[in-house]
Every structure is written in C-alpha cells, then in structure tokens.
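In the numbering used here, the protein residues as written are 8 to 374. Let me begin by presenting the structure, written as structure tokens, before commenting on it.
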Amino acid sequence: MTVPAGNMTKDQAVVQKVIDCDVHPKLSSADDLKPFLSAEWGAHLSTYGLRYRMGYQDGNPFPKAAPASSRRDTWPEQGLPGSDVGLLQSQLLDLYNMEFGIMNPLWPTGQGVLGDAFSAALCRATNLWQLELYNRPEPRLKCSICVPYENADLARQEIEHYAGDQRFAQVLLLSRTAELLGQRRYWPIFAAAEAANLPVGIHVFGYSGHAITPTGWPSYYMEEMTEHAPSAQAMLSSMIFEGLFEACPGTKIVLLEAGFAWLPALGWRLDRLWERMRSEVPHVKRPPSEYLRQHVWVATQPMEEPENRRQLVDVLDWIGHDRVVFSSDYPHWDFDDPRFSLPPHLSPELKRAILYENAKSLYGARG
Numbered sequence: 008m009t010v011p012a013g014n015m016t017k018d019q020a021v022v023q024k025v026i027d028c029d030v031h032p033k034l035s036s037a038d039d040l041k042p043f044l045s046a047e048w049g050a051h052l053s054t055y056g057l058r059y060r061m062g063y064q065d066g067n068p069f070p071k072a073a074p075a076s077s078r079r080d081t082w083p084e085q086g087l088p089g090s091d092v093g094l095l096q097s098q099l100l101d102l103y104n105m106e107f108g109i110m111n112p113l114w115p116t117g118q119g120v121l122g123d124a125f126s127a128a129l130c131r132a133t134n135l136w137q138l139e140l141y142n143r144p145e146p147r148l149k150c151s152i153c154v155p156y157e158n159a160d161l162a163r164q165e166i167e168h169y170a171g172d173q174r175f176a177q178v179l180l181l182s183r184t185a186e187l188l189g190q191r192r193y194w195p196i197f198a199a200a201e202a203a204n205l206p207v208g209i210h211v212f213g214y215s216g217h218a219i220t221p222t223g224w225p226s227y228y229m230e231e232m233t234e235h236a237p238s239a240q241a242m243l244s245s246m247i248f249e250g251l252f253e254a255c256p257g258t259k260i261v262l263l264e265a266g267f268a269w270l271p272a273l274g275w276r277l278d279r280l281w282e283r284m285r286s287e288v289p290h291v292k293r294p295p296s297e298y299l300r301q302h303v304w305v306a307t308q309p310m311e312e313p314e315n316r317r318q319l320v321d322v323l324d325w326i327g328h329d330r331v332v333f334s335s336d337y338p339h340w341d342f343d344d345p346r347f348s349l350p351p352h353l354s355p356e357l358k359r360a361i362l363y364e365n366a367k368s369l370y371g372a373r374g
C-alpha cells in the first residue's frame, strides 16, 4: 500500500475545490426540446414520439428506489429534480465550492432513438438546451456533446460542430449500444473526439435492444445496478482487442457510474489471455492492462465500499492515482457528498487529486 493514512476535517473538505464529473440535468419530457427543433422535427416528435430498440419504451423496466431516482430534497417547486438551476447552484455548486460540474443528460436526449436523422436532430436540440437553460445562466455547468452514436458519421459531424466551443467539456456516449463500442463502425466517433482533444464520457445505461445481462432480463433493480460493471468490462475489452486504442492513440475514456473496483481484475485476466493468445490479435501491441492505465479514467460514484476500506486504496494504487475523478451523481438518490465519500485512509494530497486536480488536468482549458 503506497498511500499514507490521512484525513481532512469537515471544514477543510468544504474549502477544498471540487470538480464534479457527473451532474444530471433533467428534461421534464421530450417536449422540452421542441423550441430547439425545426418545425418538421417538432411535428415528427408530436406525431410519432420516441422509439427505441428496447422493449420497455414508455416506462422503467423495474420499480426504482425513489421517484425520478432522486433525493427527496432535490425536487423543485415545479418540474423534476435536476431541472432547476437555482437548486443546482445552492445544493451542489455553491455548497461544495465547485469550480465546475459536467452535465450528463440521460433521457430523452435522442441518443439511441430509432431513425438516424431524427436522433441527430434530437441530440442537437439537447446540446442547445444544455447551453441555453443551464450554461448560459450558470457557466460553471459545463455541457457534454450528446451524439447519435448509432450513426458514427452523424455523431462525428456533431462533435466537429462543437469541437471549438469551450463550453462543452466532453463527448457523451452510453454503454449499452447496439454493438460493442470497440467495433470499427464506432471508430469515427473516437477519431473526431481525439482530433478535438475531447475526452469521451461513457455513462452506463443505453438502448441496445438486448437484455441487460448475457442470459436475459433480471427480476430486481439491484441486479440491474450490478450489471453495469460487466457491461463496462465487455466494452473495454472490445476497445482493446478490436484495436481502437492503436487506431486512436489519443483517446481518453471516462467511465461514469460503472464502479471501478473490478478494473484491476479485468486487467489481470486480459493480460493472461493476451500472453497466451496474442497471435489472434497481432494489432494489439501491448499488454491490455497498459491500455487501461493509459486511456481510461474512472469516476468515483458509485464507489465500492469493502469492510476494510484500505482494500479500496489498493485498487486506487493499481488504477493510478491520476486516473480517478470525483462524481456526485446529483440529483440521484445514491448521490455522493464530496466531503465524506472518499475512503478515510487517503492522504490529503490524493483526496485533493481526486476531488479536483485530476479532472482539471483531464479536461484542460475546457474546465
């Protein structure tokens, strides 16, 4: 173990600058996007609505832990949690001395919607919605470029449209895509992000059309939450073995809400397989764990919590102290308070790196 024990007091934690890499603004419905759609696409939305590959189109597949999956105190007088900029300021940005927070809108953004042109129009509308309703009144709320990821060329065009706009901190994808994200059909997305020096945030969930486990649909919400880790493992394995990181060596992946304690074990297993069967993938030039350490950042929420908290420090040692960034998941029910969510045995220097410095370095001038 390389990290000495150390604690910040509550007061010190409040003073500590924070960057939050996972903040969820919220649309009340897809109709909120109509002011940012053309008349033709607005009429299309009214007539046909949103259609996905998933069987569950109009509701959650399981009962959720809380209404809107959010904290009780995040509900504004009108609208849904995450829809009120004033509450975002008072409950998050101001309270925790945040330099900025990165918005990751999830639904209904147009990502994964059937009809490539319609999906692209909705993603553009979502990007404009972030700018006008959140970033304009509160510049500390940085936007993510939502892209129609099932059509890589249209996604590339959206990235290029906003590449020079410093109000956008990253490209946003979802983890459950129609095919694994390492497949060549998705490479233009990563090439465009690399050319713009934009990290690619990949948030769990999505609309693949497949059951969310390898053997079907689970019965319980907690099973769904557990599945995020194996879906991220399959995605990263695909990226490595398909050769994405060799083709786009500047790619920076930020895993959001996938957990991270599983990452060392994945690296060990992939390395072992590569040592024995590397002739199958001659384009993979290095041990897989080296690609993970070079190209992957992990956000802290949800953080695994072993009884012996020092074991989590060992995980951070393997991942790399500069590859972990803080995320609160505001306004969701499993929100992490930056004052208290990190393991108590981290040094003040490492806590500062996770809460602020690593994200500041990762997002650079866009922060």
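We treat Cβ as the ideally placed atom computed from N, Cα and C, and that holds for glycine. Quick caveat: nothing in here was measured; it's all calculated off a predicted structure.
Residue pairing of arginine 183 in beta bridges, as defined by DSSP: Gly213. Membership of serine 151 in any alpha helix (DSSP H) is not indicated; the residue belongs instead to the beta strand (DSSP E) covering 148-153. DSSP assignment within the stretch 204-259 yields the following whole alpha helix (DSSP H) runs of 4 residues or more, N-terminal first: 228-249 and 251-254. In this structure, the beta-carbon distance from glutamine 85 to glutamate 145 does not fall below 8 angstroms.
For aspartate 27, the enclosing beta strand (DSSP E) begins and ends at 25-30. Per DSSP, histidine 328 has no beta bridge partner at all. Distance from the Cα of glutamate 165 is smallest, within the candidate group Ser226, Ala198 and Gly108, for Ala198. Taking the CA atoms as reference points, leucine 135 sits about 7 angstroms from phenylalanine 43.
Around the beta-carbon of glutamine 177, 16 or more other beta-carbon atoms lie within 10 Å, marking it buried.
The beta carbons of valine 261 and isoleucine 209 sit closer together than 8 angstroms. Within a 10 Å sphere around the beta-carbon of glycine 119 sit 16 or more other beta-carbons, which makes this residue buried. Residue pairing by DSSP places serine 77 opposite His339 in a beta bridge. The beta carbon of glycine 374 lies closer than 8 angstroms to those of Ile26, Glu106, Phe107, Lys149, Ala176, Ala366 and Lys367 in the same chain, with the five residues before and after it left out. Going by DSSP, isoleucine 196 is part of no beta strand (DSSP E) but of the alpha helix (DSSP H) stretching over 194-202. When the Cα atoms are used, serine 286 and arginine 279 turn out to be separated by approximately 13 angstroms. Under the three-state reduction of DSSP, tyrosine 169 is assigned to helix. Its chain contains Glu264, Gly266 and Asp341 as the residues whose beta carbon lies nearer than 7 angstroms to that of proline 309, once the 5 sequence neighbours on both sides are disregarded; these appear in chain order. For phenylalanine 107, the enclosing beta strand (DSSP E) starts and ends at 105-110.
Checking the DSSP bridge columns, you'll see tyrosine 370 has no partner listed. Our two residues, tyrosine 169 and isoleucine 152, have alpha carbons roughly 7 angstroms apart in a direct line. Tryptophan 48 has its alpha-carbon roughly 44 angstroms from the corresponding atom of alanine 360. Tyrosine 227 is classed as exposed because its beta carbon has fewer than 16 other beta carbons within 10 Å across all chains shown.
Residue pairing from DSSP leaves phenylalanine 125 without any beta-bridge partner. For the set Leu349, Asp172 and Arg78, the Cα lying nearest the Cα of glutamine 98 is the one of Arg78. The C-alpha of methionine 284 is placed about 44 angstroms away from the C-alpha of aspartate 344.
Under the criterion of beta carbons closer than 8 angstroms, histidine 235 and histidine 31 do not qualify as touching, at roughly 15 angstroms.
Boundaries of the beta strand (DSSP E) harbouring alanine 306: 303-306, taken from the DSSP string.
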